[in-house]
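Asker: Offset between the sequence shown (1-based) and the working numbering: plus 760.
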Amino acid sequence: MLKMDFKNASNTALVLANLIPLIRVVFYGWDAVLVLALFWIENLIIGAFNVIKMASVVIYHRSWGKAGLAFFFIIHFGLFWTIHGIILWDILGFNSVDPNIVFNTNLHRALDLPAEGAAIMVSFIKLHSPIIWLGLCGLIMSHLVSFIEHFLLRGEIFNKDVNVLMSEPYKNVVALHVGLLGGAFLLNYFESPIWSLAIIVLLKMLYDARASVAHTP
Numbered sequence: 761m762l763k764m765d766f767k768n769a770s771n772t773a774l775v776l777a778n779l780i781p782l783i784r785v786v787f788y789g790w791d792a793v794l795v796l797a798l799f800w801i802e803n804l805i806i807g808a809f810n811v812i813k814m815a816s817v818v819i820y821h822r823s824w825g826k827a828g829l830a831f832f833f834i835i836h837f838g839l840f841w842t843i844h845g846i847i848l849w850d851i852l853g854f855n856s857v858d859p860n861i862v863f864n865t866n867l868h869r870a871l872d873l874p875a876e877g878a879a880i881m882v883s884f885i886k887l888h889s890p891i892i893w894l895g896l897c898g899l900i901m902s903h904l905v906s907f908i909e910h911f912l913l914r915g916e917i918f919n920k921d922v923n924v925l926m927s928e929p930y931k932n933v934v935a936l937h938v939g940l941l942g943g944a945f946l947l948n949y950f951e952s953p954i955w956s957l958a959i960i961v962l963l964k965m966l967y968d969a970r971a972s973v974a975h976t977p
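#1: Can you find the residues in the same chain that come closer than 7 Å, C-beta to C-beta, to I900, ignoring five residues on each side of it along the sequence?
#2: Answer yes or no: do I801 and I846 have a C-beta to C-beta separation smaller than 8 Å?
#3: Could you give the distance in angstroms between the alpha-carbon of D850 and the alpha-carbon of G807?
#4: Between the C-alpha atoms of M814 and S883, what's the straight-line distance to the nearest angstrom?
#5: Alpha carbon to alpha carbon, how far is V811 from K920? Give it in angstroms, no decimals.
#6: Could you give the distance in angstroms between the alpha-carbon of I908 and the alpha-carbon of E916?
#7: Taking the alpha helix (DSSP H) that V817 belongs to, which residues open and close that run?
#8: Whose C-alpha, out of V857, S816 and L904, is nearest the C-alpha of G877?
#9: Going by DSSP in three states, F854 sits in which element: helix, strand or coil?
#10: Quick one: Cα of D872 to Cα of L839, how far?
#11: Considering only residues of the same chain and omitting the five flanking positions on each side of I885, which have a CB-CB separation below 7 Å?
#12: Just how far apart, CA to CA, sit G825 and V795?
#13: Where does H910 land, buried or exposed, given buried means 16+ other C-beta within 10 angstroms?
#14: Report the rounded CA-to-CA distance for F918 versus L925, giving the unit in angstroms.
#15: Nearest to L852 by CA position, among N923, K931, V933 and D791, is which residue?
#16: Between F809, L798 and G828, which has its C-alpha nearest E928's C-alpha?
#17: If you reduce the DSSP assignment to three classes, tell me which class T842 lands in.
#18: Please state whether DSSP places I891 in a helix, a strand or coil.
#19: Just to confirm, is the Cβ distance from L848 to P859 under 8 Å?
#20: For a quick check, are the C-beta atoms of V922 and V817 less than 8 Å apart?
#21: Which class does F837 belong to by DSSP, given the choice of helix, strand or coil?
#22: For L798, is the classification buried or exposed, using 16 other Cβ atoms within 10 angstroms of its Cβ as the cut-off for buried?
#23: In three-state terms, what does DSSP make of K920?
Printed below as a string of structure tokens:
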């Protein structure tokens, strides 16, 4: 009987998702802004899947008292991601973004910071659409396959605690944030040659592979 090896599927999806920007950098001239924007938006994808995990654990274990942690994670991680995006946008030399203009509405002042993060993401996507969607779809599929393999099929939903999930993404995401900002400085200094972009993508691939191996029991 043919049996699908979900471990291989997860690792294959991870490699393919990272090969898309690497191939595009080397053969199709993707620039620094597109690559860095893609990896920054990936952090939002990571956060979104973690919210799904937290909500699933709360529902499965009926630990309704911990539901507030999921909302706190959304706010805390969202602000963390937004501030990084603002810094990245500034390093890359773009003018400030007005969310009210991007979304054509008048937002409440309390929403200024998260709205600016969302506006920067929309601006990145508009700047490189439609080609950026190819990279984003690859990253979403990679994290979806990993979610199915590790969280569902390997039973993490049964033994993971919401408190653990609350902090789990930060270890990898902080490293990626530091790497992206450092990469942005270097790319500005070297004026974005193909070889430097390729090195950044390769380092990202190696980091993801190491994280995947560490995640596998």
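Think of the CB as a built atom: it goes at the ideal place given N, C-alpha and C, for glycine as much as any other residue.
Answerer: Considering the structure as presented:
#1: By 1-based counting over the sequence shown, the position of residue 900 is 140. Closer than 7 Å at the Cβ level, and outside the excluded window around I900, lie I805.
#2: Numbered from 1 along the sequence shown, position 41 holds the residue referred to as residue 801. Numbered from 1 along the sequence shown, position 86 holds the residue referred to as residue 846. No, these two residues do not count as a Cβ contact at 8 Å.
#3: Locating residue 850 in the sequence shown gives position 90, counting from the first residue. Locating residue 807 in the sequence shown gives position 47, counting from the first residue. So the two alpha carbons sit approximately 23 Å from each other.
#4: Taking the sequence shown and counting its residues from 1, the one referred to as residue 814 is at position 54. Taking the sequence shown and counting its residues from 1, the one referred to as residue 883 is at position 123. Each residue's alpha carbon lies about 30 Å from the other.
#5: Indexing the sequence shown from 1 puts residue 920 at position 160. Indexing the sequence shown from 1 puts residue 811 at position 51. Roughly 13 Å separates the two Cα atoms.
#6: Position 148 of the sequence shown holds residue 908. Position 156 of the sequence shown holds residue 916. If you take the alpha carbons of I908 and E916, they lie about 10 Å apart.
#7: For the purposes of this step, residue 817 is taken as the residue at position 57 of the sequence shown. Residues A792 to H821.
#8: Locating residue 877 in the sequence shown gives position 117, where the first residue counts as 1. Taking only the C-alpha atoms, the option nearest G877 is V857.
#9: Within the sequence shown, residue 854 is the residue found at index 94, counting from 1. If DSSP states are grouped into helix, strand and coil, F854 belongs with coil.
#10: Taking the sequence shown and counting its residues from 1, the one referred to as residue 872 is at position 112. Taking the sequence shown and counting its residues from 1, the one referred to as residue 839 is at position 79. The alpha-carbon atoms of D872 and L839 are separated by roughly 11 Å.
#11: The residue you call residue 885 lines up with position 125 of the sequence shown. I892.
#12: Here residue 825 refers to the residue found at position 65 of the sequence shown. Here residue 795 refers to the residue found at position 35 of the sequence shown. Cα to Cα, G825 sits roughly 40 Å from V795.
#13: The residue given as residue 910 occupies position 150 in the sequence shown. Counting Cβ neighbours within 10 Å, H910 comes out buried, since at least 16 surround it.
#14: As a first step, residue 918 must be located in the sequence shown, where it is residue number 158. As a first step, residue 925 must be located in the sequence shown, where it is residue number 165. Spanning the two alpha carbons is a distance of roughly 13 Å.
#15: As a first step, residue 852 is located in the sequence shown; it is residue number 92 there, counting from the start. Of the candidates N923, K931, V933 and D791, the one whose C-alpha sits nearest the C-alpha of L852 is D791.
#16: Counting from 1 along the sequence shown, the entry for residue 928 is found at position 168. Selected option, being the one with the closest Cα: F809.
#17: In the sequence shown, counting from the first residue as 1, residue 842 sits at position 82. In the three-state DSSP reduction, T842 falls in the helix class (H, G or I).
#18: As a working note, residue 891 is residue 131 in the sequence shown. The DSSP-derived three-state label of I891 is coil.
#19: Counting from one through the sequence shown, the residue named residue 848 turns up at place 88. Counting from one through the sequence shown, the residue named residue 859 turns up at place 99. Against a cut-off of 8 Å, the Cβ pair of P859 and L848 comes out as no contact.
#20: Residue numbering aside, residue 922 sits at position 162 when the sequence shown is read from its first letter. Residue numbering aside, residue 817 sits at position 57 when the sequence shown is read from its first letter. Contact flag set, yes.
#21: Start at 1 with the first residue of the sequence shown, and residue 837 comes out as number 77. DSSP places F837 in the helix class (H, G or I) of the three-state scheme.
#22: Position 38 of the sequence shown holds residue 798. Buried is the call here.
#23: Residue mapping note: residue 920 aligns to position 160 of the sequence shown, counting from 1. Coil, per DSSP.
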